[in-house]
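A.B. asks: So the protein sequences, as listed, match chains A and B. In this text, residue positions in the first sequence follow UniProt numbering: the first is 1, and each later residue adds one. In this text, residue positions in the second sequence follow UniProt numbering: the first is 1, and each later residue adds one. This is the structure I want to talk about, given as structure tokens.
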Amino acid sequence: MEVLELARWQFGITTVYHFLMVPLTIGLSILVAAMQTRWVRTGELRHLKMTKFWGKLLLVNFAMGVVTGIVQEFQFGMNWSAYSRFVGDVFGAPLAMEGLVAFFVESTFLGLWIFGWDRLPKKVHLACAWAFSLATMASAYFILAANSWMQHPVGVTFENGKPTMNSIWAVLTNNTALAAIPHTLAGAFSVAAAFLVGVAGWHLWRRGDHADVWRSSLRLGGWVGVAAFAVLAITGDTQGKLMFEQQPMKMASAEALCHTEQPASFSIIAIGDVAGSNCEDVKTFNVPALLSFLAHNDFKTEVKGVEDLITEYQAKYGTNYPDDPALGSLAGKPIDYVPNLPVTYWGFRMMIGFGAVSAGIGVLALWLTRRGRVPGSRWFPWLVLGGVATPFLGNSAGWIFTEMGRQPFVVVPNPTGVDGVWMFTAQAVSRLTTGEVWTSLIALTTVYAALGVVELYLMRKYVRGGVDAVMPPKKPDDSDKPGEDTLAFAY
Amino acid sequence: MSLEIAWFVVIAFFWLGYLFLEGFDFGVGMLLPVLGRDNTERRVMVNTIGPVWDGNEVWLIVAGGAMFAAFPAWYAGLFSAAYLPLLLVLLALIGRGVAFEYRGKVDSDRWRRTWDRVIMIGSWIPPLGVGLILATTVLGLPLDAEGNRVGSAFAAIRWDTLLGAVAIAAFSITHGAAFLALKTSGDLRERARTLALRLLPIAMVPVVAFLSVVQWRAGTLWTLLAFGISAVAAVVAWLRLRADRDGQAFAALGVVIAGAAVVMFGSLFPNVLPSTLDTANTLTIEGAASSPYTLTVMTWVAVFGAPAVLIYQGWTYWVFRKRIGTQHIPAVHAP
Chain A
1 MEVLELARWQ FGITTVYHFL MVPLTIGLSI LVAAMQTRWV RTGELRHLKM TKFWGKLLLV
61 NFAMGVVTGI VQEFQFGMNW SAYSRFVGDV FGAPLAMEGL VAFFVESTFL GLWIFGWDRL
121 PKKVHLACAW AFSLATMASA YFILAANSWM QHPVGVTFEN GKPTMNSIWA VLTNNTALAA
181 IPHTLAGAFS VAAAFLVGVA GWHLWRRGDH ADVWRSSLRL GGWVGVAAFA VLAITGDTQG
241 KLMFEQQPMK MASAEALCHT EQPASFSIIA IGDVAGSNCE DVKTFNVPAL LSFLAHNDFK
301 TEVKGVEDLI TEYQAKYGTN YPDDPALGSL AGKPIDYVPN LPVTYWGFRM MIGFGAVSAG
361 IGVLALWLTR RGRVPGSRWF PWLVLGGVAT PFLGNSAGWI FTEMGRQPFV VVPNPTGVDG
421 VWMFTAQAVS RLTTGEVWTS LIALTTVYAA LGVVELYLMR KYVRGGVDAV MPPKKPDDSD
481 KPGEDTLAFA Y
Chain B
1 MSLEIAWFVV IAFFWLGYLF LEGFDFGVGM LLPVLGRDNT ERRVMVNTIG PVWDGNEVWL
61 IVAGGAMFAA FPAWYAGLFS AAYLPLLLVL LALIGRGVAF EYRGKVDSDR WRRTWDRVIM
121 IGSWIPPLGV GLILATTVLG LPLDAEGNRV GSAFAAIRWD TLLGAVAIAA FSITHGAAFL
181 ALKTSGDLRE RARTLALRLL PIAMVPVVAF LSVVQWRAGT LWTLLAFGIS AVAAVVAWLR
241 LRADRDGQAF AALGVVIAGA AVVMFGSLFP NVLPSTLDTA NTLTIEGAAS SPYTLTVMTW
301 VAVFGAPAVL IYQGWTYWVF RKRIGTQHIP AVHAP
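Quick look at the structure:
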């Protein structure tokens, strides 16, 4: 394999892996802060127990999210240095802002929250929980603004062969970002919600101690999951409409739409190879005119198919890669403007499908636990615990679809933007030896796999461990003198 | 001062913040098997940095991010050229970060020993790697006209960059010992203080040697002055430790690293990544910088963001200002 492919595999693996941890951290931190708020307001021990139990799981997960995040930031310079040079003027800014404005807050206040139970007054301690959890959302905002710029570059002019930022405001309020942010955050909440439903549902079904804790957690998770799905559906629709304008090839591929149709029908599922040379061979089950509606809000408009788009792209961005030795075996070769069709087609369906299944399980769990009922069926624990995986799968599929759907571009040309502001992925990669990238790919994958096993083991252990006997924290001791009491929390 | 130069200073400041702050928490990790005689003592050590190590690490993330935003060509050139050292740093930081969180999560000696080892290795590699990378950017690399590395994957690994690596690691372990003297009580504190007294003179050998190389090759009069201040501060740190004034000794060590950062980045100025192949290929502040607009935006963010960070991180250190000893460590609790 060449450096390009290795670097792409590394980016894909590290990104999907990082994004297994991040949504749970975001969703759970907000929910834990909400639980602690209820405890501070009502003084009911149940809410403190909830805070402590879910907080512990949050921390096990948070550690992995942080450490895999550093890789994300550094690999732009390591593996994608040509990209970094090209886009640094605009892409670096939201990334640096994330660190300076959000991540500093997140990590500092998390430390205060974990260790501050006996050092800070109740309300200050609660404020730390909120500072931490809101900062995780701010982090997501800046990162998504950066990613959205790659999907739809705005706020720039083209000078000396590079995009030059002329409006940070345009970059931070990119319509692509404004649609992606609520969608991604809702995805994060559906992960946390399914986690609550799964873990609490299992404990409730076992009829052990602390039924009140499990019931409240499950009901909270169920409602949050359903609400998150509503937001996912609405924002997903907005994103889709934007994508038809901004990245028509991505959407045509997501639909395996070969030829331009008017009105266009929406494909629910396909039988046969969607990437086959002859699209007519593929049987898809269609809903007539629905795609036109999804794309343009009416049932009649034309939607462009892959074949016609290829001609358009070739006219605008060329038929062949430049004959530059930096492009390796792609130098001078024809450009393939169609992203990997099976991945885009099925990725899109898996994203929606798993999201819907996850919400369905939430609804079912709410129904089965209505008015104090305790579910007794044998399949219930399997259902809710299996349900934990569904939004993770949906999120991963969504990201794979988004990122692979924009190939062969790393910076997708903005149809209404400035000429020159786009870049092929093949041009973005660093001048490295394959040995270097193999080393990092293997090392990172191995370490990630090993740590994944450890995290799952610890999660399982702490989930089974259940709720500790919890005492309300002592009055904070704010003196300088070292006390004789043991610390409320210590590693 | 132009915005480009201001950002060069800001980035030097972020790197200094990183070397100063995570320097001591690396030192604590390095000393874990040396000073921690039993599990309780090791827990005391880990808990001295428990609430702050994560915030300290963000200084690295921000230093990297700020280089990306303000000097993309510097970020791209240095990070791709020093690929393997940087990879090792990342792997070490990954292991170390989860190790703090995980080491107490299972009540088994084997489990704890494993994670202690990860903490120890994960605390040695990053200062060595970051030292090597900073030494590389100061002393230069064989770079072609596009700013790409010429030569093998090991082009960044030379005797002079290795000296930089050893210097930063030596400083970190000493800084960690001084921090432990400041933050612990009882027997552990006495041992930490004694060790810091012994380590300091030894650690200063690679530090002085590396700074001499830098000063000799590219130094100016004012970097020489900073070098002098650094050396005096090292002596002060030793004397203050001997006089039982841990806090002052720790602060003096902070002056040592601040002086060292001035020597390093001052010698680098006005370049950001010199080419040892041809000076025409050298990346300069001017040539590597982002547009004036981007730098203006980033300046506004930094003007409001950076002081806020200093305030709330300072507050964190205040909240957790108490010394801790073995008597404060709660019983192991894992399901």
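Where a beta carbon is used, it is the ideal one built from N, C-alpha and C, also for glycine.
Among residues of its own chain, excluding the 5 on either side of H18 of chain A, which ones have a beta-carbon nearer than 8 angstroms to its beta-carbon?
C.D. replies: If we look at H18 of chain A and ignore the five residues flanking it on each side, its Cβ neighbours are G65, T68, G69, V71 and Q72.
A.B. asks: Whole angstroms is fine: what's the gap from S212 of chain B's alpha carbon to V166 of chain B's?
C.D. replies: If you take the alpha carbons of S212 of chain B and V166 of chain B, they lie about 14 angstroms apart.
A.B. asks: Determine the direct distance from the alpha carbon of K300 of chain A to that of K316 of chain A, and round the result to whole angstroms.
C.D. replies: Near 27 angstroms, if we compare the C-alpha coordinates of K300 of chain A and K316 of chain A.
A.B. asks: Let me know the beta strand (DSSP E) ranges lying completely inside the segment 153 to 216 of chain A, each 3 residues or longer, listed in chain order.
C.D. replies: Listed in chain order, the complete beta strand (DSSP E) runs (minimum 3 residues) inside the segment 153 to 216 of chain A are 156 to 159 and 162 to 165.
A.B. asks: For L182 of chain B and A450 of chain A, what's the separation of their Cα atoms in angstroms?
C.D. replies: Spanning the two alpha carbons is a distance of roughly 36 angstroms.
A.B. asks: Show which residues of chain A have a CB atom less than 9 angstroms away from the CB atom of Q313 of chain B.
C.D. replies: Result: F104 and T108.
A.B. asks: Span of the beta strand (DSSP E) holding A270 of chain A?
C.D. replies: F266 to I271 is the span of the beta strand (DSSP E), which, as asked, contains A270 of chain A.
A.B. asks: Among A:R406, A:Y448, A:G405 and A:L393, which residue has its Cα nearest to the Cα of G187 of chain A?
C.D. replies: Comparing Cα positions, the closest option is A:L393.
A.B. asks: May I ask you to list the residues that DSSP assigns as paired with I324 of chain B?
C.D. replies: Bridge partners of I324 of chain B: B:T184.
A.B. asks: According to DSSP, F285 of chain A sits in a beta bridge with which residue or residues?
C.D. replies: For F285 of chain A, which the question treats as bridged, DSSP gives the partners A:I269.
A.B. asks: By the criterion of Cβ-Cβ separation under 7 angstroms, what are the contact partners of N39 of chain B in chain A?
C.D. replies: Within 7 angstroms Cβ-Cβ: nothing; N39 of chain B doesn't reach chain A, min ~11 angstroms.
A.B. asks: What are the uninterrupted segments assigned as alpha helix (DSSP H) that are 4 or more residues long and contained completely in the segment 214 to 286 of chain B, given in chain order?
C.D. replies: You should have 221 to 242 and 246 to 268.
A.B. asks: Below 9 angstroms between beta carbons is the criterion; list the residues of the segment 62 to 73 of chain A that meet it against any residue of chain B, in chain order.
C.D. replies: Correct list: F62, A63, M64, V66, V67, T68, G69, I70, V71 and E73.
A.B. asks: Out of B:P85, B:H175, B:T40 and B:M120, which has the shortest C-alpha to C-alpha gap to A237 of chain B?
C.D. replies: Residue B:H175 is the option with its Cα nearest to A237 of chain B.
A.B. asks: For K461 of chain A, which residues in chain B fall below 9 angstroms Cβ to Cβ?
C.D. replies: Simply K105, V106, A334 and P335.
A.B. asks: Pick from A:V156, A:A177, A:G161 and A:N175: whose alpha carbon is nearest that of S167 of chain A?
C.D. replies: The candidate whose alpha carbon is nearest that of S167 of chain A is A:V156.
A.B. asks: Taking F409 of chain A as part of the beta strand (DSSP E), name the residues at either end of that continuous run.
C.D. replies: F409 to V411 is the extent of the beta strand (DSSP E) around F409 of chain A.
A.B. asks: What are the start and end residues of the alpha helix (DSSP H) that includes E106 of chain A?
C.D. replies: Unbroken alpha helix (DSSP H) run through E106 of chain A: F104 to F115.
A.B. asks: Got a sec: is the Cβ-Cβ distance from A218 of chain B to anything in chain A below 9 angstroms?
C.D. replies: It does not; no Cβ of chain A falls within 9 angstroms.
A.B. asks: If I follow the unbroken alpha helix (DSSP H) through E22 of chain B, where does it start and stop?
C.D. replies: Run containing E22 of chain B: L3 to L35, per the alpha helix (DSSP H) assignment.
A.B. asks: Please name the residue or residues paired with L341 of chain A in a DSSP beta bridge.
C.D. replies: Note: L341 of chain A sits in no beta bridge, so no partner.
A.B. asks: Keeping to the same chain, check which residues put their C-beta closer than 7 angstroms to that of N395 of chain A; ignore five residues upstream and five downstream.
C.D. replies: Around N395 of chain A: F19, P23, G187 and V191.
A.B. asks: Could you check whether the Cβ of V154 of chain A sits closer than 9 angstroms to any Cβ belonging to chain B?
C.D. replies: So no, V154 of chain A is outside the interface.
A.B. asks: Closer than 6 angstroms by C-beta to F68 of chain B: which residues in its own chain qualify, once you throw out the five before and the five after it? Chain order, please.
C.D. replies: Closer than 6 angstroms at Cβ, skipping near neighbours: Y75.
A.B. asks: So which of B:T194, B:G55, B:A261 and B:L225 has the shortest CA-CA distance to T137 of chain B?
C.D. replies: Looking at the Cα atoms, B:A261 is the closest of the given residues.
A.B. asks: Can you name, in chain order, every residue of its own chain whose Cβ lies under 8 angstroms from the Cβ of G240 of chain A, other than the five neighbours on each side?
C.D. replies: Contacts found: M251, L294 and A295.
A.B. asks: Measure how close the beta-carbons of S148 of chain A and T176 of chain A come, nearest whole angstrom, since I'm counting them as under 8 angstroms.
C.D. replies: With a Cβ gap of about 4 angstroms, S148 of chain A and T176 of chain A count as contacting.
A.B. asks: Do you know whose CA, among B:A145, B:L78 and B:F265, lies nearest A217 of chain B's CA?
C.D. replies: The residue you asked about is not Ala; residue 217 of chain B is Arg in the sequence shown. The residue with the shortest Cα to Cα distance from R217 of chain B is B:F265.
A.B. asks: By the three-class DSSP mapping on this structure, what secondary structure does L143 of chain B have?
C.D. replies: In the structure shown, L143 of chain B sits in a strand (DSSP, three-state: E or B).
A.B. asks: Considering just the uninterrupted stretch of the alpha helix (DSSP H) at L458 of chain A, what are its terminal residues?
C.D. replies: Counting along the chain, the alpha helix (DSSP H) containing L458 of chain A begins and ends at T434 to G465.
A.B. asks: State the CB to CB distance for the pair A73 of chain B and L268 of chain B, rounded to an integer number of angstroms; the pair is presumed to be in contact (CB under 8 angstroms).
C.D. replies: A73 of chain B to L268 of chain B, Cβ: 15 angstroms. No contact.
A.B. asks: In chain A, which residues lie less than 7 angstroms from P72 of chain B when you measure between Cβ atoms?
C.D. replies: Per Cβ cutoff of 7 angstroms: S84, R85, G88, D89 and G92.
A.B. asks: Considering only the alpha carbon of each residue, which of B:I94, B:L162 and B:A12 lies closest to A209 of chain B?
C.D. replies: Selected option, being the one with the closest Cα: B:L162.
A.B. asks: Is it true that the CB of W223 of chain A sits closer than 9 angstroms to the CB of P375 of chain A?
C.D. replies: No, the pair does not count as a contact, with Cβ atoms beyond the cut-off.
A.B. asks: Would you kindly work out how many angstroms separate the C-alpha atoms of A249 of chain B and R323 of chain B, rounded to a whole number?
C.D. replies: About 16 angstroms.
A.B. asks: Just how far apart, CA to CA, sit G164 of chain B and I157 of chain B?
C.D. replies: Rounded to whole angstroms, G164 of chain B to I157 of chain B spans 11 angstroms at the Cα level.
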